[in-house]
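J.: This is the structure I want to talk about, given as structure tokens.
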Amino acid sequence: LVAFVMFLFFLVLPLGQAVHAYTQLQTGLGALARIEEILDVPVEGADDRRARPPALPAGPVAIEFDRVGFGYPGGPPVLHEVSFTVPPGTRTALVGPSGAGKSTLLALVERFYEVTGGTLRLAGTDVRDLPRDVLRSRLGYVEQEAPVLAGTLRENLLITAPDATDDEVRAVLAEVNLGHLADRSAEGLGVQVGEGGVLLSGGERQRLAIARALLAGPPVLLLDEPTSNLDARNEAALRRAIDAVAVRRTLLIVAHRLSTVVDADQIVVLDGGRVVAVGTHDELTGTSPLYRELATHQLLVS
Ligand code: ATP
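Numbering (full-length UniProt numbering), first residue to last: 279 to 580.
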């Protein structure tokens, strides 16, 4: 192709201009190759394996880890044959020492990364058969360090539910004990938060993120609990917020608090990327030395 274009240049242009045009063409082709290189990099990998993704049932659905293995790209395996099921509408807490793989499990449900072994299913469907937008429309994800945008309280909440009314926003704020933010000044929901506005504490930031998740109304919620110590009022408010989101939802929580695990229907104990015990608080206290150790020394007592 380049030779043919060059031939055309020499036919129609004087030599000097043709050489100049050729140089530009080469530069352009080089740039094009680089752009292609960039565009060709699959940011999140290929999407739906099926042309027609299966429909997901409405309401809370099960999350099922079936011998799931995973390693971050270029890194060693961090999860090995992880198997457990979060039944629809129930609460499962993940506990384990730092680096055990708890947050990674949430990232896999969101398909931020793909499993490298076994199968991860939502409502019985392999998540790789669900386009990411379909999958994520069913999931709420509350990170440990929830971001607060510079802007108004209303703007911060409408990110996940642009059509929510002020009444809906206020109702959700009350549910997570953040009603006071909108009552602080005449600006109401228009009060500036984040950079240049009301600064929120760690506990308030996470409750704001929970409020976002509540507004979007996903039937499945993934929650990475904050590791920081909260004062008693914030602690109680976080408890109530988690109780509020747990109603009629499937909940998978990375837990750092004893009160969270005590309330869970099921606790999964991870160590070194493996499931080492599954049960309720009372069962595990009797059967799992690692759980007893974590409950005594690592989980925040509150
Ligand atoms: P913590 O309680 O400290 O948050 P965790 O149990 O949630 O720990 P993960 O964050 O899931 O553990 O990490 C599991 C393993 O994967 C660790 O060895 C960690 O270093 C590694 N890891 C986590 N995130 C990444 C990443 N983005 N890239 C490469 N390795 C990672």
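The C-beta atom is built at its ideal place from N, Cα and C for all residues, glycine as well. Everything numeric in this text was worked out from a predicted model, so none of it was measured.
For Gly379, is the beta carbon positioned less than 7 angstroms from some heavy atom of the ligand ATP?
T.: The residue labelled residue 379 in the question sits at position 101 within the sequence shown. Checking every heavy atom of the ligand ATP against the Cβ of Gly379, one is found closer than 7 angstroms.
J.: From the DSSP output, which residues share a beta bridge with Pro355?
T.: Here residue 355 is taken as the residue at index 77 of the sequence shown, counted from 1. DSSP, once it has assigned bridges, lists Gly349 as partnering Pro355.
J.: Is Gly353 near the ligand ATP, in the sense that its beta carbon is under 7 angstroms from a heavy atom of that ligand?
T.: One-based indexing of the sequence shown puts residue 353 at position 75. Yes, Cβ of Gly353 sits closer than 7 angstroms to a heavy atom of the ligand ATP.
J.: Rounding to the nearest angstrom, what Cα-Cα distance links Pro338 and Leu417 in this structure?
T.: Residue numbering aside, residue 338 sits at position 60 when the sequence shown is read from its first letter. Residue numbering aside, residue 417 sits at position 139 when the sequence shown is read from its first letter. Roughly 10 angstroms between the two C-alpha positions.
J.: Hey, Arg369 and Ala542 are a contact pair by Cβ (cut 8 angstroms); roughly how many whole angstroms apart?
T.: Within the sequence shown, residue 369 is the residue found at index 91, counting from 1. Within the sequence shown, residue 542 is the residue found at index 264, counting from 1. With 8 angstroms as the limit, Arg369 and Ala542 qualify as a contact, their Cβ atoms being about 5 angstroms apart.
J.: Using 8 angstroms for Cβ pairs, my map puts Thr397 next to Asp404. What's the rounded Cβ distance?
T.: Residue mapping note: residue 397 aligns to position 119 of the sequence shown, counting from 1. Residue mapping note: residue 404 aligns to position 126 of the sequence shown, counting from 1. 5 angstroms between Cβ atoms; contact.
J.: How far does the beta strand (DSSP E) with Val556 in it extend, from its first residue to its last?
T.: In the sequence shown, counting from the first residue as 1, residue 556 sits at position 278. It spans 552-557 - the beta strand (DSSP E) in which Val556 sits, taken as one unbroken run.
J.: Any idea what DSSP makes of Ala442, helix, strand or coil?
T.: Locating residue 442 in the sequence shown gives position 164, counting from the first residue. It is coil, neither helix nor strand.
J.: Express the C-alpha separation of Ala340 and Ile520 in angstroms, rounding to a whole number.
T.: Stepping through the sequence shown from its first residue, residue 520 is reached at position 242. Stepping through the sequence shown from its first residue, residue 340 is reached at position 62. Roughly 19 angstroms between the two C-alpha positions.
J.: Can you give me the start and stop residues for the alpha helix (DSSP H) that Thr538 sits inside?
T.: To locate residue 538, count along the sequence shown from 1; it is residue 260. Unbroken alpha helix (DSSP H) run through Thr538: 536-541.
J.: Contact check, Leu334 vs Val412 under 8 angstroms by CB: the rounded distance?
T.: Residue numbering aside, residue 334 sits at position 56 when the sequence shown is read from its first letter. Residue numbering aside, residue 412 sits at position 134 when the sequence shown is read from its first letter. Between Val412 and Leu334 the Cβ distance is about 7 angstroms, and since that is below 8 angstroms, they are a contact.
J.: With three or more beta-carbon pairs closer than 8 angstroms as the criterion, would you say the segment 445-463 touches the segment 519-535?
T.: Three or more beta-carbon pairs drawn from the segment 445-463 and the segment 519-535 are found closer than 8 angstroms, and the two stretches are therefore classed as touching.
J.: Using three-state DSSP, classify Ile437 as helix, strand or coil.
T.: On the sequence shown, position 159 is the one that residue 437 refers to. In this structure, DSSP gives Ile437 a state outside helix and strand, which the three-state scheme calls coil.
J.: Just how far apart, CA to CA, sit Ser537 and Val426?
T.: Against the sequence shown, residue 537 aligns to sequence position 259. Against the sequence shown, residue 426 aligns to sequence position 148. So the alpha carbons of these two residues sit roughly 26 angstroms apart.
J.: Relative to the alpha-carbon of His575, which residue among Ser376, Leu357, Gly349 has its alpha-carbon at the smallest distance?
T.: For this step, residue 575 is matched to residue 297 along the sequence shown. Distances from the CA of His575 to each of Ser376, Leu357, Gly349 were compared; the closest alpha carbon is that of Ser376.
J.: Have a look at Ile488 and Ala464 and give me their C-alpha separation to the nearest angstrom.
T.: Reading the sequence shown from its first residue, position 210 is the one you call residue 488. Reading the sequence shown from its first residue, position 186 is the one you call residue 464. Their backbone Cα atoms lie some 25 angstroms apart in a straight line.
J.: Would Val454 pass as a contact of Arg406 if the rule is Cβ separation under 8 angstroms?
T.: Taking the first residue of the sequence shown as position 1, residue 454 is located at position 176. Taking the first residue of the sequence shown as position 1, residue 406 is located at position 128. Their beta carbons are not under 8 angstroms apart, which means Val454 does not touch Arg406 by this criterion.
J.: Roughly how many angstroms separate the alpha carbons of Val547 and Gly564, rounded to a whole number?
T.: For the purposes of this step, residue 547 is taken as the residue at position 269 of the sequence shown. For the purposes of this step, residue 564 is taken as the residue at position 286 of the sequence shown. About 14 angstroms.
J.: Taking 8 angstroms as the limit between beta carbons, can you name the residues of its chain near residue 599, skipping five residues before and five after?
T.: Residue 599 cannot be examined here, being either before or after the span of the chain that is shown, 279 to 580.
J.: Should Phe390 be labelled buried (16 or more other beta-carbon atoms within 10 Å of its own) or exposed?
T.: To locate residue 390, count along the sequence shown from 1; it is residue 112. It is exposed - the Cβ of Phe390 has fewer than 16 other Cβ atoms within 10 Å.
J.: With a threshold of 7 angstroms on Cβ separation, who are the neighbours of Leu431 within its own chain once the five nearest residues in sequence on each side are excluded?
T.: In the sequence shown, the residue the question calls residue 431 occupies position 153. Excluding sequence neighbours, Leu431 sits near Leu459, Ala460, Leu467, Val469, Val471.
J.: Hey, is Val387 close to the ligand ATP, as in C-beta under 7 angstroms from one of its heavy atoms?
T.: Within the sequence shown, residue 387 is the residue found at index 109, counting from 1. No; taking the cut-off as 7 angstroms, the Cβ of Val387 has no heavy atom of the ligand ATP nearer than that.
J.: Apply the 10 Å Cβ neighbour rule to Pro504 and answer buried if 16 or more other Cβ atoms are within range, or exposed otherwise.
T.: Within the sequence shown, numbered from 1, the residue matching residue 504 stands at position 226. Label assigned to Pro504: buried.
J.: Considering only residues of the same chain and omitting the five flanking positions on each side of Asp560, which have a CB-CB separation below 8 angstroms?
T.: The residue given as residue 560 occupies position 282 in the sequence shown. Closer than 8 angstroms at Cβ, skipping near neighbours: no residue.
J.: Using a 10 Å radius around the Cβ and a threshold of 16 neighbouring Cβ atoms, would you call Asp444 buried or exposed?
T.: Along the sequence shown, one-based indexing puts residue 444 at 166. When all chains shown are included, Asp444 counts as exposed.
J.: The ligand ATP heavy atoms versus the CB of Val532: any closer than 7 angstroms?
T.: As a working mapping, residue 532 is identified with position 254 in the sequence shown. True, at least one ligand heavy atom lies under 7 angstroms from that Cβ.
J.: Using only the heavy atoms of the ligand ATP, determine whether one of them is closer than 7 angstroms to the beta carbon of Tyr419.
T.: Walking along the sequence shown from the start, residue 419 turns up at place 141. Incorrect: Tyr419 has no Cβ contact closer than 7 angstroms to the ligand ATP.
J.: Going by beta-carbon coordinates alone, are Leu400 and Gly379 separated by less than 8 angstroms?
T.: For this step, residue 400 is matched to residue 122 along the sequence shown. For this step, residue 379 is matched to residue 101 along the sequence shown. No.
J.: Work out the CA separation of Asn434 and Leu492 for me, nearest whole Å.
T.: As a first step, residue 492 is located in the sequence shown; it is residue number 214 there, counting from the start. As a first step, residue 434 is located in the sequence shown; it is residue number 156 there, counting from the start. For Leu492 and Asn434, the distance between alpha carbons rounds to 13 angstroms.
J.: Would you tell me roughly how many angstroms separate the C-alpha atoms of Gly353 and His534, rounded to the nearest one?
T.: Counting from 1 along the sequence shown, the entry for residue 353 is found at position 75. Counting from 1 along the sequence shown, the entry for residue 534 is found at position 256. About 26 angstroms.
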